[in-house]
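Asks:
In the working numbering, the protein residues as written are -10 to 84.
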């Protein structure tokens, strides 16, 4: 496994993560790193995301999610590696 290998992960981020610009911050950080995927608020108060890109860039974004934006209080980030999605072009905030 190399740092430039293409991977995709599913994330569940819990804590005080809604109403604190978590989705927009995650989207900005993902786009800066050339990642694709999506992020959304879940009905249960968590933030859910799928992120795809090089292992190194995805790991950097996971670290950013663990830190969260200034007014967030991240309690946990659950990471699961999933299948890569072919031909995905961008990262977006959904719902």
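All C-beta atoms, glycine included, are put in the ideal place defined by N, C-alpha and C.
#1: Roughly how many angstroms lie between the CA atoms of residue 10 and residue 32, to the nearest whole one?
#2: Residue 55: buried (16+ other C-beta within 10 angstroms of its C-beta) or exposed?
#3: Compare the C-beta of residue 20 with all C-beta atoms of chain B and state if any pair is closer than 9 Å.
#4: On the criterion of 16 or more Cβ atoms from any shown chain inside 10 Å, does residue 2 qualify as buried, or is it exposed?
#5: Once DSSP output is grouped into helix, strand and coil, what is the label at residue 22?
Replies: Straight from the coordinates:
#1: 16 Å
#2: exposed
#3: No chain B is present in this structure, which holds just one protein chain.
#4: buried
#5: coil
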